[in-house]
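J.: Have a look at the structure that comes next, please.
Protein chains in written order, with UniProt numbering: chain A, 1 to 397; chain B, 1 to 397; chain C, 1 to 378; chain D, 1 to 378.
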């Protein structure tokens, strides 16, 4: 066991830190971290940040050097996520592109697709989204009904997608559509690269419980794609989607480090809030609840390090990702919930009236999405049970 | 709403209290409540108690007067259970007979069966047990495989039963056996009254985790019964078993009152145990845990009263019994578990070396049976979900 | 032995449900949130017509003269529909305080107006950091010849924007002690105050800050004993706790119903999701929470109405359990609804936010548990 | 960055498992419980032959000179098989104390005998009510010319019946304070003591009461600084906490395996019960508990071996989490096994009882959490 970083890794960390010092938006390091409220302005702000990252070669660090990456090692990717969480860096607008679509195209895309898309992903010229879930295909993703039909040289796409992040900024969509209805539902799905800037594509923001339009509905009405926009083989889209997903592994690192930070903030909150003139951190019951959270957040981090070690040793990510995802989303949710409870009679005050910071209220509401998006906790448990423990699938089809 | 008892009910309560004062075994009221360790002696002790109850007309209070009962109202039955818990009365040895088999025979038995069995149930001359579960039919009770085959005028019974309480004392068994294998598994079951004192019946105690032989295995090897021993119709035993079960409703009262008493004992334990020279009841965390238990045990009692009111109003017991059963068994288990935690470094000491009373350790282990016997908590949840909430059965057969 | 609502009370339940349904049910809070504040006033008139605003007011002042148990079914129904407005504060703070401590003049002035729906009241309790403790009552009322002069600020006042009268604990003496706290009835029409909305994530329950700056209040507006208003306040808080419990039970009731309906109808993997035990058993757990919350609340209301020995304990336990159960079930309901539960469009979030808004109102679950422990003599 | 056992340590794991399997695995505690006490001695010799009794003993005394991490896999395997005997006390109390505080004579006398399996040691800490606090060390050791005279009683001594030497905190000064506590090495062969078994529901881990009545112990048996033994004891307790965590992780590991196997094979309703999500997801929760317990324990062992800044906190968190997780998973395992889990015949209860026996040994989960809070500066 060894928790230290190598000299190269340390150098990498220092380079990144220095770059962040210089390049983070003005005032960011000092805590002025609000994104523009207006969605359009926010888009401009985030595109600027994406471009800065690109120029510093920090947009896709694991990418091949020839495409603008650094070919960073897994540990370096982890350090990157750790540092980004440390400074609460602005979100990466083209994260779907840089973390998933790009690497997938580099792995299984055609030469034409690589030439056409890959460069513009990293420099942020084209923002990507991911067209997966549908109203009747949430947990049961393979049940998607959006259809792509071949008419002449065109694929004509009709259907509806939901829960699409970044769709309102996106120029391109990595879309799963049904091209064959005859067999089992996992077959007959094809992955398309679809131009969002066409008439047949409409997006509509979804108003979420925290009143933030972070998700969208997408409506495809005779939208067009071509053969050259297909990734992998026709009717093999399910497999392609798994390849895409396998590139998401460092997302777990981000969540894991974010939890550590969230815990520290919760402790600060308990130190700040008072009752009967005494800081809540001195209340025996609060102390105990917080130390339990501490144990769980440390366990998450250590679990992640063990899983990472395993990936490095075996070269393959395992189903442990589902454990990390489920545990971190549940814990984050519980910690935000506890912040609400701790906040006493003013717990629902937010925006300018928040008793400490409106972040708590907003994150609390937002956290209800954590255990739903990207596979609910129930689905993660099934994955762990079936892929890791060998337990039977719960329903026979 | 009205939490008082009527004059008649109060008189009933006082009569019972007076009788208990006089008739409980010597020293019982003063706390000398140990049953004989030896199973045989214990049997004699409990038979004596059964006879005393019978003589005082306290053995089957809900029974018709002509059979030795009092035709007690539901509220009186509840008062009876409450009082029995209050004095920690010795268990009723023939509880299966008096609470279930007797009332069932009175309801649907033949005249011959009533004449032959009913009187001897109440006076304790014949002790009864219930032959339901089998090694491969636990939660899935309808899967029983013990067979009864008609040969001439005899039914020949072969198979194995498990988890039979009182079998080692029993003279008679209310047995479910399969008489037809051709249809659905809920059909083809028949209820028999089987003489335990015959060659073809063997019982073997099951050693349980608390090292008490309270349950038994029963082996039927060409055991014999006759047509007149069948309760209800042939192949209609599943229905008969439900009628039998419907007579178990006051058992819930006993458990509910027992929980209240258990809670008080837990509080006493927390008052007795010390840490750093301070009673544990003064520890903020202990106080909070105990008040949470208090809320839950009060909720159980109030739930029971509401369900009882409902039964009195409608005349029918509902699936609420499953709620009461599940919640009380889970809570009892948690409270015993907490007693173990509170007991610190000496928590596993028992028998003469127990730091407070060996009851805590024994009840802790025994409590693991609560959420299994008589339908596991998981089965109870299915019953509540399906019968009360209308949720779908979880597996289609 | 009978532990259920009586026929009259059951009738209240049915008729309240029908009335609220006729007004649009969950459309009421929806429209209110969207700025249609009038709907509250409109509904209030309806409540008066139905007699719901006089349930626990003495018959001599035009009410029905019932006890706290009769409010239970009405409040449950309001909770089921996330009804906005200071009904709990009016019926469970103002009415009990006026009935118990009001002068004849006060009773004659306020009670008939309450019954007729002409006057809504609320409680302006919190100052500073929102804690409830005698030391936190710092709003001063200096006694003059015929009036008090008030200076200070109250915060977190539920529906203080629409309340016609505020019940305000003020300091008439002492500095930090229980002694010196008095209750004043401050009529909005007579008092010069500044009202400012405080932004809340629970938008169906407006909360406001009210600044008193040299505000004059006539002496006859003193409610209950001078300097000893803290005790009277505790009296009212017991009533309000029970009222909140009933509203929360109603919320839980609806949330369980929603989860159950969704479990039976939402299909995934070719099955209604309620067939999967992770959903199915969770709905059962929610149903158990409902059962226990309702039983504890019924009992607390009974204990309050009958001034039972264990009243304080019963109320504290009911409040703690129910507050937590509402948060728990409302949260589970979001999860069961999956992505749809995360939308503004579905109603799940209304209950979640209401649960959080009530969670710590007048004391947290931890506070209540400690009160119960004290009552048990531990 | 590498967070896993190294090759040597993995080898320990494999070979310990093989060795214990060759000795009968769970038959070892079964036979021990049934009175076959010799099996412990027999196994102990085997452990010596395998080199497991010298893992953390200096090479100069015949050991392997490894740190606490190397004990982890061995202890996990022992936990998996509910092995009886004072292995944790010998390796994680006696060895670290002797290595850190022993005189050369003491080291020469004890360490080689430990390595060779000739001497088992245990800790005789508890008195009175079993609490761990300086004031509870009341067993007196009066200093004479060449020896101490001991009077008092120790209780809850694990495997005190077979231990050849007891490490005994005694009072050489003071009355209730930390000052005045010293540690003595009491060899059974030289000391006149009365040993009495204390009945425990965990029958694979004998605990005894030992009465010292005018018991003479030579002065050279003083281990570590006179009057300042309490600090040395805390040092050893850190080691023992980590050792107990590892044993518990092993127990959890086996319990999860059992539940999983049963879930896949036990049929009810025509299905393996592991198809029902109430069982399936519970097994996943158990697996998560295992994962976290193991990670926290690995880290605690690493922190101990490297004397990391956050060592005390890391150990306290690991101990609290793992103790609770072991009780939780062992309990769930009984429930998953249904009626069979309630039988003596099935192994479920062995783990449940072991979990309870270790739960509060050297401090409860609550104690550990408060230690962590203190370490965090709260």
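Built from N, CA and C at the ideal position, the CB exists for glycine as well.
Which same chain residues end up closer than 6 Å to residue 327/B when comparing Cβ atoms and leaving out the 5 residues on each side of it in sequence?
T.: By one-based count along the second chain, residue 327/B stands at place 327. So the list reads 300, once near-sequence residues are dropped.
J.: Using a beta-carbon distance cut-off of less than 7 Å, what residues from the segment 269–302 of chain D approach chain C?
T.: Residues 276, 277, 278 and 281.
J.: Would you kindly work out how many angstroms separate the C-alpha atoms of residue 252/C and residue 152/C, rounded to a whole number?
T.: The sequence position of residue 252/C within the third chain is 252, counting from 1. The sequence position of residue 152/C within the third chain is 152, counting from 1. Taking the straight line joining both Cα atoms gives about 37 Å.
J.: Cβ closer than 8 Å: which chain D residues qualify as neighbours of residue 369/B?
T.: The count along the second chain starts at 1 and reaches residue 369/B at position 369. Here the neighbours are 342.
J.: Within 8 Å of any Cβ in chain A, is that where the Cβ of residue 359/D sits?
T.: For the purposes of this step, residue 359/D is identified with residue 359 of the fourth chain, where counting begins at 1. For residue 359/D, the answer is no, since every Cβ of chain A falls outside 8 Å of its Cβ.
J.: Could you tell me the boundaries of the alpha helix (DSSP H) in which residue 109/D lies?
T.: Taking the first residue of the fourth chain as 1, we reach residue 109/D at position 109. Residues 104–115.
J.: Does residue 351/A have its Cβ less than 8 Å from a Cβ in chain C?
T.: Here residue 351/A refers to the residue found at position 351 of the first chain. Residue 351/A counts as touching chain C.
J.: When the Cα of residue 71/B is compared with those of 12/B, 320/B and 88/B, which residue comes out closest?
T.: Numbered from 1 along the second chain, position 71 holds the residue referred to as residue 71/B. Residue 12/B is the option with its Cα nearest to residue 71/B.
J.: Could you give the DSSP three-state label for residue 142/D: helix, strand or coil?
T.: Along the fourth chain, read from residue 1 onward, the residue named residue 142/D stands at position 142. DSSP places residue 142/D in strand when its eight states are reduced to three.
J.: Cα separation between residue 313/A and residue 297/D?
T.: The residue given as residue 313/A occupies position 313 in the first chain. The residue given as residue 297/D occupies position 297 in the fourth chain. C-alpha separation (whole angstroms): 21 Å.
J.: For residue 293/C, count neighbouring C-beta atoms within 10 Å of its own C-beta (all shown protein chains included) and say buried if the count is 16 or more, exposed if not.
T.: Here residue 293/C refers to the residue found at position 293 when the third chain is read from its first residue. Counting Cβ neighbours within 10 Å, residue 293/C comes out buried, since at least 16 surround it.
J.: Apart from the five residues just before and just after residue 219/A, which ones in its own chain have a Cβ nearer than 6 Å to its Cβ?
T.: If you number the first chain from 1, residue 219/A lands on position 219. Closer than 6 Å at Cβ, skipping near neighbours: 160 and 202.
J.: Measure the alpha-carbon distance for residue 73/D versus residue 4/D and round it to whole angstroms.
T.: Counting from 1 along the fourth chain, the entry for residue 73/D is found at position 73. Counting from 1 along the fourth chain, the entry for residue 4/D is found at position 4. So the alpha carbons of these two residues sit roughly 11 Å apart.
J.: Is there a Cβ of chain C sitting closer than 8 Å to that of residue 346/A, yes or no?
T.: The residue you call residue 346/A lines up with position 346 of the first chain. Taking Cβ atoms only, chain C reaches closer than 8 Å to residue 346/A, which makes this a yes.
J.: Find out if the Cβ-Cβ distance for the pair residue 121/A, residue 92/A is shorter than 8 Å.
T.: Start at 1 with the first residue of the first chain, and residue 121/A comes out as number 121. Start at 1 with the first residue of the first chain, and residue 92/A comes out as number 92. The answer is no: Cβ separation not under 8 Å.
J.: Return the first residue and the last residue of the alpha helix (DSSP H) that residue 209/D is part of.
T.: Residue mapping note: residue 209/D aligns to position 209 of the fourth chain, counting from 1. Note, residue 209/D: premise wrong, no alpha helix (DSSP H); beta strand (DSSP E) at 207–218.
J.: Decide if residue 325/C is buried, meaning its Cβ has at least 16 other Cβ atoms within 10 Å, or exposed.
T.: Against the third chain, residue 325/C aligns to sequence position 325. Residue 325/C is buried by the Cβ-count criterion.
J.: Rank 197/D, 191/D, 338/D and 375/D by C-alpha distance to the C-alpha of residue 149/D and give the top, closest one.
T.: Taking the first residue of the fourth chain as position 1, residue 149/D is located at position 149. Of the candidates 197/D, 191/D, 338/D and 375/D, the one whose C-alpha sits nearest the C-alpha of residue 149/D is 191/D.
J.: Does the segment 294–314 of chain D come close enough to the segment 66–80 of chain D that 3 or more CB-CB pairs lie under 8 Å?
T.: Counting Cβ pairs under 8 Å, three or more are found: they touch.
J.: Using a Cβ-Cβ cut-off of less than 7 Å, list which residues of the segment 202–225 of chain C approach chain A; keep chain order.
T.: Listed in sequence order: 202.
J.: Would you list the one or two residues that DSSP bridges to residue 234/C?
T.: Within the third chain, numbered from 1, the residue matching residue 234/C stands at position 234. Answer by DSSP bridge pairing: none, since residue 234/C is not bridged.
J.: Whole angstroms is fine: what's the gap from residue 140/C's alpha carbon to residue 221/C's?
T.: Sequence index remark: in the third chain, residue 140/C carries index 140 (1-based). Sequence index remark: in the third chain, residue 221/C carries index 221 (1-based). One C-alpha to the other measures close to 15 Å.
J.: Would you kindly work out how many angstroms separate the C-alpha atoms of residue 397/A and residue 81/C, rounded to a whole number?
T.: Looking up residue 397/A in the first chain gives position 397. Looking up residue 81/C in the third chain gives position 81. With a pLDDT of 43 at residue 397/A, under the threshold of 50, the predicted position of this residue should be treated as unreliable, though the coordinate-derived value follows. Spanning the two alpha carbons is a distance of roughly 40 Å.
J.: Output yes if chain D places a C-beta closer than 8 Å to the C-beta of residue 139/B; else output no.
T.: The residue labelled residue 139/B in the question sits at position 139 within the second chain. Yes, its Cβ sits closer than 8 Å to a Cβ of chain D.
J.: So what's residue 166/B in DSSP terms, helix, strand or just coil?
T.: Sequence index remark: in the second chain, residue 166/B carries index 166 (1-based). Coil, per DSSP.
J.: Which term fits residue 36/A, buried or exposed, when burial requires 16 or more other beta carbons within 10 angstroms of its beta carbon?
T.: Mapped onto the first chain, residue 36/A falls at position 36. By the neighbour-count rule (16 or more Cβ atoms within 10 Å), residue 36/A is not buried but exposed.
J.: Which residue marks the beginning of the alpha helix (DSSP H) containing residue 21/C, and which one marks its end?
T.: Taking the first residue of the third chain as 1, we reach residue 21/C at position 21. Start and end: 7–22.
J.: Assuming contact is defined by CB atoms lying nearer than 8 Å, are residue 280/A and residue 288/A in contact in what I supplied?
T.: For the purposes of this step, residue 280/A is identified with residue 280 of the first chain, where counting begins at 1. For the purposes of this step, residue 288/A is identified with residue 288 of the first chain, where counting begins at 1. Taking 8 Å as the Cβ cut-off, residue 280/A and residue 288/A do not qualify as a contacting pair.
J.: How long is the line joining the alpha carbons of residue 371/D and residue 284/A, rounded to whole angstroms?
T.: On the fourth chain, position 371 is the one that residue 371/D refers to. On the first chain, position 284 is the one that residue 284/A refers to. Straight-line Cα distance between these residues: approximately 12 Å.
J.: Which term fits residue 172/C, buried or exposed, when burial requires 16 or more other beta carbons within 10 angstroms of its beta carbon?
T.: Along the third chain, one-based indexing puts residue 172/C at 172. Its Cβ being crowded by 16 or more others within 10 Å, residue 172/C is buried.
J.: For residue 192/A and residue 335/C, I'd like the C-alpha separation in whole angstroms.
T.: Here residue 192/A refers to the residue found at position 192 of the first chain. Here residue 335/C refers to the residue found at position 335 of the third chain. Taking the straight line joining both Cα atoms gives about 31 Å.
J.: Do you know how far the Cα of residue 239/C is from the Cα of residue 96/C?
T.: Position 96 of the third chain, counted from the start, is the residue given in the question as residue 96/C. Position 239 of the third chain, counted from the start, is the residue given in the question as residue 239/C. For residue 96/C and residue 239/C, the distance between alpha carbons rounds to 8 Å.
J.: Count the other CB atoms, across all protein chains shown, that sit within 10 Å of the CB of residue 6/C; report buried if there are 16 or more and exposed otherwise.
T.: If you number the third chain from 1, residue 6/C lands on position 6. Exposed, because fewer than 16 other Cβ atoms sit within 10 Å of the Cβ of residue 6/C.
J.: Out of 99/C, 155/C and 135/C, which has the shortest C-alpha to C-alpha gap to residue 124/C?
T.: Within the third chain, numbered from 1, the residue matching residue 124/C stands at position 124. With distances taken between Cα atoms, residue 124/C lies closest to 155/C.
J.: Cβ of residue 392/C within 8 Å of Cβ of residue 21/C?
T.: Nothing about residue 392/C can be reported from this structure: the residues present for chain C run from 1 to 378 only.
J.: At the level of alpha carbons, what is the spacing between residue 188/C and residue 160/C?
T.: The residue you call residue 188/C lines up with position 188 of the third chain. The residue you call residue 160/C lines up with position 160 of the third chain. So the alpha carbons of these two residues sit roughly 10 Å apart.
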